[in-house]
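Numbering (our numbering), first residue to last: 2 to 339.
Here's what the structure looks like:
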């Protein structure tokens with residue numbers, strides 16, 4: 002009798018163990034079936050992939066996308082503080098290389114979100130406030146108030162955009178804005194060129210250092226039947242870019258509608274620079290000319306400009322502020338190139 006009870010107990014334990022085992026197998030089976038169904042619901046991986054290359058400007062902003070052949074398939078323009086010009090914000094890398102959010106229009110800068118329409122962060126700086134300079138006490142400000150020269154890599158501290166001289170960001174004077182000359186959108190040169198890459202540098206240096214227009218070589222014309230001679234067309238002056246950039250990354254705006262560059266000739270017949278003329282820039286539309294002048298030594302009241310200078314003028318040859326178009330005294334209308 003005791004033996005039968007022991008056998009019955011063993012059988013009961015085995016049945017219990019088998020139920021536990023089968024329960025585990027059943028749960029595993031349900032999980033595998035669920036995984037299989039989810040897998041079947043996923044779209045198949047495309048066999049052909051399209052590779053797109055992104056190109057950035059001196060601030061790290063994405064300004065163009067090209068295909069494998071180097072053809073530009075998309076371009077991006079930005080307002081001074083990063084708002085997208087003439088288009089919608091898209092998900093992915095954008096202004097200064099930070100990730101843009103299409104749903105909100107904000108840029109994610111690691112430590113906090115940035116609103117390019119306001120030109121401000123949405124939360125306070127995680128770094129302690131600083132009253133030197135006084136503008137640093139504003140814990141919502143972006144890029145020291147000068148988005149043409151500074152970027153903010155992680156939402157904590159602005160850094161000079163010229164990577165080879167980041168140390169200047171530790172110098173108080175580096176936080177001062179460059180005056181009215183620091184006005185520009187950061188993509189006009191790319192927008193004006195047919196390809197991205199070395200041609201950008203060529204176009205930029207050409208617009209600053211040469212009075213000759215840049216042009217692609219034209220194909221040889223097909224032979225035509227003799228005909229009566231036609232008068233030659235008058236030479237046209239090329240339209241100017243939206244801005245030019247100095248060697249340290251400072252952007253100088255070209256007056257809206259200006260053409261050039263054309264040589265600037267002094268009374269002695271010597272070329273002393275180049276100019277963009279015929280514009281209507283500034284908020285009052287009075288900025289007609291932008292002159293980019295060669296280096297000059299100190300002379301009289303002039304402090305000298307070892308790297309040259311920029312001067313904006315109205316139609317009456319008066320020095321003007323490139324932003325407002327209002328006249329400036331001669332002492333304040335020469336913007337040094339650095």
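We treat Cβ as the ideally placed atom computed from N, Cα and C, and that holds for glycine. The structure presented is a predicted model; accordingly, all values stated were derived computationally and were not measured.
Say whether chain B places a C-beta atom closer than 9 Å to the C-beta of residue i.
| i | result |
| --- | --- |
| residue 334 | Among the chains in the structure shown there is no chain B, since it carries only a single protein chain. |
CB-CB under 7 Å to residue i, same chain, minus the five flanking residues each way: which ones, in chain order?
| i | result |
| --- | --- |
| residue 154 | 160 |
| residue 273 | 265, 267, 294 and 295 |
| residue 331 | 320 |
| residue 101 | 90, 91, 92, 93, 95 and 108 |
| residue 110 | 99, 153, 155 and 156 |
| residue 202 | Low local confidence applies: a pLDDT of 34 at residue 202 is under 50, so the model's placement there is unreliable, with the coordinate-based value given in what follows. Hits under 7 Å: none found. |
Spatial neighbours of residue i within its chain, please: CB distance less than 8 Å, with the 5 preceding and 5 following residues excluded, ordered by chain position.
| i | result |
| --- | --- |
| residue 62 | 77, 79, 83, 95, 96, 97, 98, 187 and 188 |
| residue 74 | 53, 66, 67 and 68 |
| residue 284 | 324, 325 and 326 |
| residue 333 | 320 |
| residue 271 | none |
| residue 87 | 78 |
Taking residue i and residue j to be in contact with their CB atoms under 8 Å, please state how far apart those CB atoms are, rounded to whole angstroms.
| i | j | result |
| --- | --- | --- |
| residue 286 | residue 326 | 7 Å |
| residue 337 | residue 308 | 7 Å |
| residue 126 | residue 157 | 7 Å |
| residue 148 | residue 81 | 5 Å |
| residue 145 | residue 60 | Incorrect: roughly 13 Å between the Cβ atoms, too far for contact. |
| residue 121 | residue 150 | About 18 Å separates the two Cβ atoms, so there is no contact after all. |
Spatial neighbours of residue i within its chain, please: CB distance less than 6 Å, with the 5 preceding and 5 following residues excluded, ordered by chain position.
| i | result |
| --- | --- |
| residue 335 | 310 and 312 |
| residue 55 | 63 and 66 |
| residue 328 | 319 and 321 |
| residue 298 | 305 |
| residue 315 | 287, 289 and 321 |
| residue 269 | none |
| residue 85 | none |
| residue 118 | 84 |
| residue 91 | 103 |
| residue 112 | 127, 155, 156 and 157 |
| residue 114 | 107 and 123 |
So the beta strand (DSSP E) residue i belongs to, where does it begin and stop?
| i | result |
| --- | --- |
| residue 292 | 290-294 |
| residue 254 | 252-254 |
| residue 314 | 310-314 |
| residue 125 | Careful: residue 125 lies outside any beta strand (DSSP E) and carries neither H nor E. |
| residue 343 | Residue 343 lies beyond the range of the chain shown here (2 to 339); nothing can be said about it. |
| residue 159 | First-last for residue 159: undefined, no H or E at that position. |
| residue 66 | 63-67 |
| residue 76 | 73-76 |
| residue 273 | 272-278 |
| residue 263 | 260-266 |
| residue 245 | 244-246 |
| residue 307 | It is not in any beta strand (DSSP E) - residue 307 carries neither H nor E in the DSSP assignment. |
| residue 56 | 54-57 |
| residue 335 | 335-337 |
Residue i: which of the options sits nearest, CA to CA?
| i | options | result |
| --- | --- | --- |
| residue 282 | 259, 71, 149 and 270 | 259 |
| residue 279 | 247, 318 and 269 | 318 |
| residue 251 | 118, 152, 103 and 70 | 152 |
| residue 51 | 58, 70 and 277 | 70 |
| residue 247 | 277, 276 and 339 | 339 |
Shorter than 8 Å, the distance from the beta carbon of residue i to the closest heavy atom of the ligand FMN, or not?
| i | result |
| --- | --- |
| residue 96 | With respect to small molecules bound, the structure shown includes none, and the ligand FMN cannot be examined in it. |
The stretch 276-292 in contact with the stretch 246-262 per 3-pair CB rule at 8 Å
The answer is yes - the stretch 246-262 touches the stretch 276-292, with three or more Cβ pairs under 8 Å.
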